Amino acid sequence: MKAIQFKKTGQYTGNHDEVTRLLGGTVTYVGQRGREANKTYERDGETFPIQFDDWLIDIEGVILVLSEKQYEALKSVAHKHIGLGEAIARHVNEYLSQQQRQGGLLAK
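Start counting the sequence shown at 12; every next residue gets the next number (this note's numbering).
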């Protein structure tokens with residue numbers, strides 16, 4: 012997973028160089044001078060409308076454009092790690108339950 016936040020760096024422009032360096036593709040600004048431009052991210056024939064502070068994410072070639080709140084929610088789920096002790100305990104409990112269901116030596 013690669014992720015970068017599209018941030019405002021100038022009066023009307025953002026960190027498009029950093030975005031394209033990390034993810035490839037093109038960031039385009041369309042509008043009139045002195046007004047807020049419409050911004051898009053384009054890659055592999057797909058076009059995504061973006062705003063400053065959006066997160067652009069590449070997960071195995073699939074592009075997502077998320078708000079800060081959505082990105083934080085994704086991160087909290089995607090990076091949830093369990094400790095080795097908890098992983099072993101879960102596996103042992105699952106094995107014991109399976110043995111009990113099958114009427115093995117550990118059946119009550």
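Even for Gly, the Cβ is constructed at its ideal location relative to N, Cα and C.
These numbers come from a predicted model, not from an experiment.
- When only Cα atoms are considered, Arg46 and Arg54 end up about 25 Å apart.
- In the three-state reduction of the DSSP assignment, Gln81 falls in the helix class, which pools H, G and I.
- DSSP places Gln16 in the uninterrupted beta strand (DSSP E) bounded by 13 to 16.
- Shown here for Tyr40: same chain residues with a beta carbon closer than 6 Å to its own, the five before and five after excluded, namely Ala48, Lys50 in chain order.
- Between Phe63 and Lys18, the C-beta gap is smaller than 8 Å, which places the two residues in contact.
- Residue state for Glu105 is assigned as helix, using DSSP reduced to three classes.
- In this structure, Leu67 sits near Val30, with a CB-CB distance shorter than 8 Å.
- For Glu53, the uninterrupted beta strand (DSSP E) run begins and ends at 49 to 54, by DSSP.
- DSSP places Glu29 inside the alpha helix (DSSP H), whose first and last residues are 27 to 34.
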